[in-house]
Amino acid sequence: MIVEELAILLQKHQLSMGTAESCTGGKIAHKITSQAGSSAYFKGGIVSYCNEVKQQVLGVSAADLEKFGAVSRPVVEQMALGAIRVLNCDCAVATSGIAGPGGAVPGKPVGTVWIAAAYKNQVVADCHHFPFDRSGNIEAAAETALVKLLGLLEENGIK
């Protein structure tokens with residue numbers, strides 16, 4: 072299970088993590104805190120469902136929100152880095168997308184989710200297109216975010 076793998080890795084290297092979630096609504100934080108002992112490495116999560124919270128709490132640029140929209144690479148990258156800053160943790164994941172069934176806009180259909188993982192000042196982000204219903208899209212995005220963070224840590228020699 073990805074949550075258990077991540078927990079072992081974070082504890083082994085005495086690293087902390089946090090989350091900045093929009094479309095997943097706290098699902099990632101829930102998955103992490105469902106593990107006994109998660110307080111050893113999980114600092115907290117920010118559910119930034121509206122742009123105001125993305126800006127005021129996570130420090131996402133208003134100009135980027137206007138230019139690219141909330142469901143975009145620049146925004147999700149800033150969310151992840153903002154979580155590291157606000158929560159004072161070593162790494163973080165962030166999600167912003169359209170879980171469905173409504174909310175689609177031209178070029179961003181239901182199931183479109185940008186996911187970022189950050190470690191210190193390094194951040195990686197990708198766009199995913201999940202084909203599920205709302206709960207399936209949320210679950211898939213949460214799992215993908217955790218896999219992305221695990222991969223980023225391993226790329227940085229944390230194994």
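Offset between the sequence shown (1-based) and this note's numbering: plus 71.
Just so you know, even glycine gets a beta-carbon here, dropped at the ideal spot from N, CA and C.
All of these numbers come straight from a predicted model, not from anything done at the bench.
Assuming residue i contacts residue j under a Cβ cut-off of 8 Å, what Cβ separation, rounded to an integer in Å, is found between them?
{"i": "T166", "j": "E92", "result": "5 Å"}
{"i": "A189", "j": "C162", "result": "6 Å"}
{"i": "V181", "j": "G171", "result": "4 Å"}
{"i": "L158", "j": "V146", "result": "So it is not a contact: roughly 18 Å between Cβ atoms."}
{"i": "I117", "j": "A154", "result": "6 Å"}
{"i": "H199", "j": "T215", "result": "6 Å"}
{"i": "G89", "j": "G115", "result": "6 Å"}
{"i": "S206", "j": "C160", "result": "Not really, about 28 Å apart at Cβ, beyond 8 Å."}
The beta strand (DSSP E) that contains residue i, what's its start and end?
{"i": "H101", "result": "Segment K98 to T104 is the alpha helix (DSSP H) holding H101; no beta strand (DSSP E) there."}
{"i": "A165", "result": "C162 to G168"}
{"i": "K114", "result": "F113 to V118"}
{"i": "A78", "result": "Element bounds for A78: not the beta strand (DSSP E) but the alpha helix (DSSP H), I73 to K83."}
{"i": "T90", "result": "M88 to E92"}
Nearest-angstrom Cα distance between residue i and residue j?
{"i": "Y78", "j": "A213", "result": "First, the amino acid is wrong: residue 78 is Ala here, not Tyr. Straight-line Cα distance between these residues: approximately 15 Å."}
{"i": "L220", "j": "K102", "result": "14 Å"}
{"i": "G108", "j": "I169", "result": "32 Å"}
{"i": "V195", "j": "L152", "result": "10 Å"}
{"i": "T104", "j": "R144", "result": "27 Å"}
{"i": "N208", "j": "T95", "result": "8 Å"}
{"i": "L81", "j": "A111", "result": "9 Å"}
{"i": "G173", "j": "K179", "result": "11 Å"}
{"i": "K83", "j": "V74", "result": "14 Å"}
{"i": "Y120", "j": "M150", "result": "11 Å"}
{"i": "A187", "j": "L223", "result": "10 Å"}
{"i": "A100", "j": "V218", "result": "14 Å"}
{"i": "Q85", "j": "I229", "result": "11 Å"}
{"i": "K191", "j": "Q127", "result": "21 Å"}
{"i": "K138", "j": "E76", "result": "37 Å"}
{"i": "P177", "j": "K125", "result": "22 Å"}
{"i": "F203", "j": "G97", "result": "19 Å"}
By the DSSP assignment, the alpha helix (DSSP H) with residue i in it spans what residues?
{"i": "A133", "result": "A133 to F139"}
{"i": "V124", "result": "N122 to Q127"}
Verify the CB distance criterion: does residue i have a CB-CB separation below 7 Å to chain C?
{"i": "I155", "result": "Reference to chain C is not applicable here, since this structure consists of a single protein chain."}
### Message
I'd like the ranges of any beta strand (DSSP E) spanning at least 3 consecutive residues and lying wholly in the stretch 143 to 223.
### Response
The beta strand (DSSP E) runs of length 3 or more contained entirely in the stretch 143 to 223 are, from start to end of the chain, 162 to 168, 183 to 190 and 193 to 200.
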